[in-house]
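Student:
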Amino acid sequence: MPREIITLQLGQCGNQIGFEFWKQLCAEHGISPEGIVEEFATEGTDRKDVFFYQADDEHYIPRAVLLDLEPRVIHSILNSPYAKLYNPENIYLSEHGGGAGNNWASGFSQGEKIHEDIFDIIDREADGSDSLEGFVLCHSIAGGTGSGLGSYLLERLNDRYPKKLVQTYSVFPNQDEMSDVVVQPYNSLLTLKRLTQNADCVVVLDNTALNRIATDRLHIQNPSFSQINQLVSTIMSASTTTLRYPGYMNNDLIGLIASLIP
């Protein structure tokens, strides 16, 4: 019986890496951009139900919640070939659409105002799962939405679902480059506290290391955001392979995390 996982994508960074992640999963499981299983896909050998659920009309829909305080990235996803893959009811955009202005405090305080709308979506997804195991949160710790709203959601998820696991894929800022965001160190530090206290497992996606891998190993001189995000999606799909395919070890998130603890 699959232990379902709900993916929460937060802010520009979280939604962009989440988008690449779902593209990767669709390719691996033989699901078309419309959510229909391709003819070449072999039925019954994988566990799609961990990350997808099947709608009444044979469509596979990601167990994903897309959240942002400004519309640009989500609109680009909705104008992509994968627009029909997602459940439109699982997309939340802030009404004023001004974003968090790369400010942790702005993201956190907006979270307090809109958390009921967000948790309506999360609760509905959780209720639709047979045996929910936990949540995966994709975000950046340097911006405003991913860090501030992400911190707020981490705290609330712990209160609301104390027995569910929370794993995060957290993008850490590039140390080698000067950032446009003056308050980036503060955003990062305030988010790190919540990651330490409220997340069961944090996968650190260090931008410096990702860029180094792209230049040294993949021989891409100036890697674009899209190329780095594809690298991240490969990491995410590889780290969830044992959850999605039957095997002898690490068949669920708790087994995966337990094996990492010395």
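So the mapping is simple: my numbering equals the position in the sequence shown, first residue as 1, plus 22. Glycine residues also receive a C-beta, built at the ideal position from the N, C-alpha and C atoms.
1) Using the three-state DSSP reduction, which class does aspartate 198 fall into: helix, strand or coil?
2) Looking at C-alpha atoms only, which residue of Ala260, Asn196, Gln197 and Leu171 is the closest neighbour of leucine 217?
3) Considering only their Cβ atoms, is the gap separating glycine 156 from valine 193 smaller than 8 angstroms?
4) So within the stretch 163-248, which uninterrupted alpha helix (DSSP H) runs reach at least 4 residues, ignoring any that extend past its ends?
5) Compare the Cα-Cα distances from serine 116 to each of Leu88, Ser201 and Gly57 and report the closest residue.
6) Using the DSSP secondary-structure output, state which residues sit across from alanine 86 in a beta bridge.
7) Within 8 angstroms, do at least three Cβ pairs link the stretch 108-125 to the stretch 91-99?
8) Keeping to the same chain, check which residues put their C-beta closer than 6 angstroms to that of glutamine 46; ignore five residues upstream and five downstream.
9) Taking the beta strand (DSSP E) that leucine 115 falls in, what are its first and last residues?
10) Scan the stretch 119-150 and note each continuous alpha helix (DSSP H) run of 4 residues or more that stays entirely inside, going in chain order.
11) I need the boundaries of the alpha helix (DSSP H) containing arginine 94, first residue and last residue.
12) Identify which residue in Asn196, Ile140 and Asn125 has its Cα closest to the Cα of isoleucine 113.
13) Tell me the DSSP secondary structure of phenylalanine 74 in three-state form.
14) Report back the beta-carbon spacing between glutamine 132 and leucine 91 to the nearest angstrom; my notes put them in contact at under 8 angstroms.
15) With contact counted as at least three CB pairs below 8 angstroms, one residue from each stretch, are the stretch 158-174 and the stretch 119-131 in contact?
16) Going by Cα to Cα distance, which pick from Cys160, Asp78, Leu176 and Ala148 is closest to histidine 137?
17) Taking the Cβ atom as the reference point for each residue, do alanine 164 and valine 204 lie within a distance shorter than 8 angstroms?
18) Drop a sphere of 10 angstroms on the beta-carbon of phenylalanine 130, count the other beta-carbons inside from all chains shown, and report buried for 16 or more, exposed for fewer.
19) Buried or exposed: which applies to serine 153, given that a residue is buried once 16 or more other Cβ atoms fall within 10 Å of its Cβ?
20) What are the start and end residues of the alpha helix (DSSP H) that includes isoleucine 283?
21) Classify phenylalanine 157 as helix, strand or coil using the three-state DSSP reduction.
22) Just tell me which of Lys70, Gln38 and Gly66 has its CA closest to the CA of alanine 49.
23) Since I believe cysteine 160 is in contact with glycine 57 (beta carbons under 8 angstroms), could you give me their beta-carbon distance rounded to a whole number of angstroms?
24) What is the DSSP secondary structure of isoleucine 58, counted as helix, strand or coil?
25) Using beta-carbon positions only, say whether isoleucine 53 and tyrosine 82 come within less than 8 angstroms of one another.
26) In chain order, what residues of the same chain lie with their CB nearer than 6 angstroms to the CB of proline 284, ignoring the 5 residues before and after it?
Tutor: On the basis of the supplied data:
1) Three-state result, aspartate 198: coil.
2) Leu171
3) no
4) Taking only runs of at least 4 residues, the alpha helix (DSSP H) segments lying wholly in the stretch 163-248 are 172-182, 206-220 and 229-238.
5) Leu88
6) Thr29
7) yes
8) Apart from sequence neighbours up to five positions away, the residues of its chain that approach glutamine 46 with a beta-carbon distance below 6 angstroms are Ser255 and Ser259, ordered along the chain.
9) 113-115
10) 126-149
11) 94-100
12) Ile140
13) strand
14) 6 angstroms
15) yes
16) Leu176
17) Going by C-beta atoms, alanine 164 is not nearer than 8 angstroms to valine 204.
18) So phenylalanine 130 counts as buried.
19) Counting Cβ neighbours within 10 Å, serine 153 comes out exposed, since fewer than 16 surround it.
20) Isoleucine 283: not part of any alpha helix (DSSP H); DSSP gives it neither H nor E.
21) strand
22) Lys70
23) Wrong, their Cβ atoms sit about 20 angstroms apart, outside the cutoff.
24) coil
25) One thing to note: isoleucine 53 has its Cβ within 8 angstroms of the Cβ of tyrosine 82.
26) none
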